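Worksheet: the structure to be examined is printed underneath.
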Amino acid sequence: MTSPPAGFSELEQPRDLVVDLYFGGRKIGEAQIVAKPGVVRFRNPDQIIGLVPHLKSSPALVTSLTAELKDNAGLACSQTNSGHCGELKPDLVGIIFDQDRFRLDLFVHPSALEVTQSDEIYLATPTAPLSLTSSIGAAIAGSTRGSTSFNIQNRTIIGFQNARIRSDSSIASDLGLVFDDLVAEVDTRRHRYSGGLFWAPAPT
4 MTSPPAGFSE LEQPRDLVVD LYFGGRKIGE AQIVAKPGVV RFRNPDQIIG LVPHLKSSPA
64 LVTSLTAELK DNAGLACSQT NSGHCGELKP DLVGIIFDQD RFRLDLFVHP SALEVTQSDE
124 IYLATPTAPL SLTSSIGAAI AGSTRGSTSF NIQNRTIIGF QNARIRSDSS IASDLGLVFD
184 DLVAEVDTRR HRYSGGLFWA PAPT
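Numbering (our numbering), first residue to last: 4 to 207.
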């Protein structure tokens, strides 16, 4: 059958819709489209170009956004295809239209995007005053023979701005006082300096 059943011919008629426009998995705005079975056309291609970050406008790109695009509805994510969906590698421009959720994902070839240089962003040095947090746990076991064993564990962190002292210790009836970690640390923009008693991976 190449035509819809009697009474359903309106399904083949173009429909004007407003959809959520996604790029790179992030919503960047809304778009007006004209949807027909299997294809989608943007009402305002120039608006789309303005919404996509770092997009390089070119005659070929404008032509692609003006033309009818295959909707690739079968690639829209759902419960039945959640492991193989939401991905498209077009020659220049492609879309995945999920008409059930009024969502349209736009994909462009990397050559149509400007190359940007990411700047290193660091958090400012903390200005918090001296702080202390500590947790203690204990376990005691006994037997009818009168023997009793215990284990008390403690984790303490003392912090001041970008420096801290960490301590993981325990007191056990058989082992006495044991320190698993007793470390002083200082964070800078590029490195963390640690010194003291701590576990380190063995050289290979």
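From the three backbone atoms N, C-alpha and C, an ideal C-beta is built for every residue, glycine too.
Computed from a prediction, not measured in an experiment: that's the story for all the values here.
Assigned secondary structure, residue i (DSSP; H/G/I helix, E/B strand, else coil)
i    : result
S67  : helix
Q156 : strand
G77  : helix
L54  : helix
D49  : helix
S146 : coil
S114 : helix
Residue i burial status per 10 Å Cβ neighbour count (16 or more: buried)
i    : result
I143 : exposed
S67  : buried
Y25  : buried
F100 : buried
T5   : Here the model assigns T5 a pLDDT of 48, short of 50, so the residue's position is not dependable and the matter cannot be decided.
Distance between residue j and residue i (C-alpha atoms, nearest Å)
i    : j    : result
R106 : S61  : 25 Å
I36  : P113 : 24 Å
S197 : L185 : 10 Å
Span of the beta strand (DSSP E), counted from its first residue to its last, around residue i
i    : result
L20  : R18 to F26
F210 : Residue 210 lies beyond the residue range present for the chain, which begins at 4 and ends at 207; the question has no answer from this structure.
L133 : No beta strand (DSSP E) contains L133, which DSSP labels as neither H nor E.
Test: residue i CB closer than 8 Å to a CB of chain C
i    : result
D101 : The structure shown contains no chain C; it holds only a single protein chain.
Beta-ladder partner(s) of residue i, from DSSP
i    : result
D183 : Answer by DSSP bridge pairing: none, since D183 is not bridged.
L109 : F26 and I98
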